[in-house]
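Peer 1: Below: one structure in structure tokens.
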Amino acid sequence: MFGLIGHLTSLEHAQSVARELGYPEYADQGLEFWCSAPPQIVDHIKVTSATGQQIEGLYVESCFLPEMLAGSKIKTAIRKILNAMALAQKNDVDITALGGFSSIIFENFNLSQMSSVRNIQLEFNRFTTGNTHTAYIICRQIEEASRKFGIDLAKATVTVCGATGDIGSAVCRWLDARTNIKDLLLVARNQERLQSLQAQLGRGKVMDIEEALPQSDIIVWVASMAKGMTIDPTTLKRPCILIDGGYPKNMSTLVQEDGIYVIDGGIVEHSLDIDWKIMKIVNMTAPARQLFACFAEAMLLEFEGWHTNFSWGRNQISIENMDKIGEVSIKHGFRPLIN
Ligand code: NDP
Ligand code: OCD
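Residues in the sequence shown are numbered consecutively from 255, following our numbering.
Written out as structure tokens, the structure reads:
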């Protein structure tokens, strides 16, 4: 059995979802209430592969909200993730994806040092961040979108915002090894980590976001921001492809307009309907078939019987593992979404 751990994008989102799903006791409550809410299993899932193989899984809502980080409720955030992991393990889930902020909190606050949750000893090899598949899908989106929207990679300047992150650094390594892009712009806040990435890649220009955006033909957003930022479309080149892989989305307002192509980054479409309700809640256009690539990674590991933390730690995603997960992604019927 596979598991998915996730969370909603804001308190407002959580309240409206709770009302819609029939949890009135959660619907009118403020952040304090969500801080004390335990994790819940809110969906039982059946997935059929393009090969005909069927698997089952469950979705664990951690009840974490990004406002907890913004409000410095770090201990609460940590407790949310550990409790959700313990609930998945208690339910005999073999491999669980840590969606959205779950894996970011796990890494940033060293949760590997906190393996004991009440009477449960967490077994970390039962969890995966799902980031290898996410990075693979974003790279395929870069390839396919540039072809579709007529951007020649050999002449393109590509910005990666969140370049020093787990997904961002994998995308940079892939861009360097597998494409002939003209320029790579590296954006994040911590300058030391940017310099070290630049040294590892042996290329790339470190830049502020304001300076990078107007020169970019393609922008990949994979920054771990609790809230999306507003971008003035008049500052962008046309054509310009923006692949927003953040959860919550890195761009809060930008929409498709003449010459600006906004793509939901790290999203896959399955070739068959999935029996579940959760993707309707996060407003996927085809909720029976579209999902986050990190969640799809847990499904792929279950299909293949690879019950191991395929994606783990930080900045260790190899191109070989991206190829490996990519192969089984295609085999089981997933494809990158190009909207
Ligand atoms: P990491 O924590 O590993 O990396 C985050 C990156 O963002 C770092 O480079 C960080 O550098 C940078 N960053 C954070 N805040 C800002 C900011 N305000 N401005 C510029 N850069 C910033 O995260 P992941 O790689 O694991 O995840 C990245 C994003 O992808 C998240 O939003 C996550 O939820 C999403 N995601 C999507 C998935 C999907 O299936 N579609 C799957 C998994 C994750 P610095 O701190 O120096 O600024
Ligand atoms: C990217 O990293 C992917 C993260 C995706 C998280 C997706 C979350 C799915 C949302 C379903 C939520 C159902 C919550 C119901 C809560 C009701 C109160 C207990």
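Cβ atoms here follow ideal geometry from the backbone N, Cα and C, with glycine treated the same way. Since the structure is predicted, the reported quantities are computational estimates derived from the model, not experimental observations.
Below 7 Å between beta carbons: does that hold for proline 590 and isoleucine 391?
Peer 2: In terms of Cβ geometry, proline 590 and isoleucine 391 form a close pair [threshold 7 Å].
Peer 1: Alpha carbon to alpha carbon, how far is lysine 300 from isoleucine 349?
Peer 2: 15 Å
Peer 1: Using only the heavy atoms of the ligand ATP, determine whether one of them is closer than 6 Å to the beta carbon of cysteine 548.
Peer 2: As presented, the structure is devoid of the ligand ATP, carrying the ligand NDP and the ligand OCD as its sole ligands.
Peer 1: Tell me whether glutamine 294 counts as near the ligand OCD, meaning its Cβ is closer than 6 Å to at least one heavy atom of that ligand.
Peer 2: yes
Peer 1: Tell me where the alpha helix (DSSP H) around cysteine 393 begins and ends.
Peer 2: 385-402
Peer 1: What's the gap between the Cα of leucine 554 and the Cα of phenylalanine 381?
Peer 2: 13 Å
Peer 1: Can you tell which of Thr539, Leu496 and Arg568 has the C-alpha that lies nearest to the C-alpha of glutamate 397?
Peer 2: Shortest Cα-Cα distance from glutamate 397 to any of Thr539, Leu496 and Arg568 involves Leu496.
Peer 1: Which runs of the alpha helix (DSSP H), 4 residues or longer, sit entirely within the segment 499-536?
Peer 2: 532-535
Peer 1: Regarding arginine 443 and the ligand NDP, is the C-beta to nearest heavy atom distance less than 6 Å?
Peer 2: Flag set: Cβ of arginine 443 near the ligand NDP.
Peer 1: Can you tell me whether methionine 594 is helix, strand or coil according to DSSP?
Peer 2: In the structure as shown, the chain starts at 255 and stops at 593, and residue 594 therefore has no counterpart that could be examined.
Peer 1: Under a three-way DSSP split, which group does isoleucine 485 fall into?
Peer 2: In the structure shown, isoleucine 485 adopts coil according to DSSP, grouped into three states.
Peer 1: Give the DSSP bridge partners of histidine 561, in chain order.
Peer 2: In the DSSP assignment, no residue is bridged to histidine 561.
Peer 1: Taking the CB atoms as reference points, tell me whether glycine 353 and cysteine 548 lie closer together than 7 Å.
Peer 2: yes
Peer 1: Would you kindly work out how many angstroms separate the C-alpha atoms of lysine 491 and leucine 467, rounded to a whole number?
Peer 2: 8 Å
Peer 1: Taking all protein chains shown into account, do 16 or more other C-beta atoms lie within 10 angstroms of the C-beta of lysine 534, making it buried, or fewer, making it exposed?
Peer 2: exposed
Peer 1: Could you tell me if the beta carbon of alanine 540 falls within a distance shorter than 6 Å of some heavy atom in the ligand OCD?
Peer 2: The answer is no for alanine 540.
Peer 1: Which residue marks the beginning of the alpha helix (DSSP H) containing phenylalanine 287, and which one marks its end?
Peer 2: Looking at the DSSP string, the run of the alpha helix (DSSP H) that includes phenylalanine 287 is 285-290.
Peer 1: So is the beta-carbon of glycine 499 under 6 Å away from any non-hydrogen atom of the ligand OCD?
Peer 2: no
Peer 1: Verify whether the separation of the beta carbon atoms of alanine 542 and alanine 351 is less than 7 Å.
Peer 2: no
Peer 1: Considering only their Cβ atoms, is the gap separating valine 314 from leucine 285 smaller than 7 Å?
Peer 2: no
Peer 1: Looking only at C-alpha atoms, which of Asn337, Thr330 and Gly384 sits nearest to histidine 561?
Peer 2: Gly384
Peer 1: Is histidine 267 helix, strand or coil by DSSP?
Peer 2: helix
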